[in-house]
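Report on the structure given below.
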Amino acid sequence: MSRTAHVVAQSNGAACLHCGRAVTFGMPIAIDDFVAMSNAFVKTHAKCKKPAGDQCAFCLGHGHTYLGCETVDTLGRWRESRDTGLSSEAIYRYFGGLGGDPRHPIDPADFGRCYRLTKRFPETLRALQALAAASKVWAALHKHWDELCRLYEEEFPTGRAPRLYARMEELGTHG
8 MSRTAHVVAQ
18 SNGAACLHCG
28 RAVTFGMPIA
38 IDDFVAMSNA
48 FVKTHAKCKK
58 PAGDQCAFCL
68 GHGHTYLGCE
78 TVDTLGRWRE
88 SRDTGLSSEA
98 IYRYFGGLGG
108 DPRHPIDPAD
118 FGRCYRLTKR
128 FPETLRALQA
138 LAAASKVWAA
148 LHKHWDELCR
158 LYEEEFPTGR
168 APRLYARMEE
178 LGTHG
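Below, the structure is given as C-alpha cells:
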C-alpha cells in the first residue's frame with residue numbers, strides 16, 4: 008500500500024481518511040486543474056497519522072462508528088455525508104415517498120452503504136417494501152435482506168466479501 012493510500016478521490020473532490028478533512032472542487036473543472044488541486048491535497052495530507060479508534064463511514068471522524076455518529080444524526084445530514092450511493096439514495100427517496108429510479112446495489116460496497124443507512128436509521132427499512140414493488144431485483148434483495156446483512160457483517164472485517172457478492176449475483180443484481 009502506498010504512503011498516501013489514505014487520501015482518496017470523491018465524486019467532486021478529495022478526502023483524507025486519516026484526519027477526515029476534505030476538499031470540494033467546483034464542477035465542472037478542467038482535468039489539469041483537477042489533477043493539480045488533487046496533487047496539492049495529497050502532498051498536504053501525505054504525513055497525516057491515523058488516529059486511534061474506529062473511523063466513521065459517514066463523517067470520516069475517528070473514535071466512533073456510523074451507529075454513534077453525532078455529526079450525521081438526521082437523514083438530511085446522512086444525505087450530505089460521504090457515505091451515499093445510487094442505491095442508498097433510492098432507499099432514501101422511497102422512504103420519503105419520492106419514488107424515482109429504483110437503483111439497487113450491484114456490489115458489496117454499494118450494499119454496505121445501504122446496510123449502514125438502514126442500521127443507523129432503521130425506519131428506512133420500510134422503503135424496501137416500496138422498492139420491492141418497483142423492481143424485481145429489489146424484491147429479491149428485500150426477501151433475503153437479513154441473510155445479506157449477515158453475510159456483510161461476517162465478511163466486512165476482512166475487507167473482502169466474496170460470499171456476499173456471489174449471493175447478490177444469484178439474486179440478479181448483475182442481470
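Every position in the sequence shown, counted from 1, becomes a number in the numbering used here once 7 is added. Even for Gly, the Cβ is constructed at its ideal location relative to N, Cα and C. Please read all numbers here as calculations on a predicted model, not as lab measurements.
message: Which residue wins for smallest C-alpha separation from Tyr122, given the options Ala139, Leu148, Ser45 and Gly107?
response: Leu148
query: Considering only C-alpha positions, which residue in the set Leu82, Ala59 and Ala21 is nearest to Asn46?
result: Ala21
Gln62 - partner residues in DSSP beta bridges: His69
task: Out of Tyr159, Gly83 and Val15, state which residue places its alpha-carbon closest to the alpha-carbon of Tyr172.
output: Tyr159
field: Endpoints, the alpha helix (DSSP H) within which Val42 is located
entry: Ile38 to His52
field: Which of helix, strand or coil DSSP assigns to Ala168
entry: coil
query: By the 10 Å Cβ neighbour count, where 16 or more other Cβ atoms means buried, how is Ser9 classified, buried or exposed?
result: exposed
- prompt: Which of helix, strand or coil does DSSP assign to Val14?
  reply: strand
- prompt: On the three-state DSSP scale, how would you describe Thr31?
  reply: strand
- prompt: Per DSSP, Gly20 is paired with what?
  reply: Gln17 and Thr31
- request: Quick one: grab the DSSP three-state call for Arg110.
  value: coil
- prompt: Are the beta-carbon atoms belonging to His71 and Asp61 less than 8 Å from one another?
  reply: yes
field: Arg110 vs Gln17 beta-carbon contact at 8 Å
entry: no
- request: Indicate the three-state DSSP secondary structure (helix, strand or coil) for Leu178 in the structure shown.
  value: coil
query: What residue range is occupied by the uninterrupted alpha helix (DSSP H) comprising Asp90?
result: Where Asp90 is concerned, there is no enclosing alpha helix (DSSP H), given that its DSSP letter is neither H nor E.
For Cys76, the nearest candidate out of Arg86, Ala134, Pro35 and Arg127 (CA to CA): Arg127
task: Measuring alpha carbon to alpha carbon, tell me which of Asp153, Glu162 and Leu124 ends up nearest Leu74.
output: Leu124
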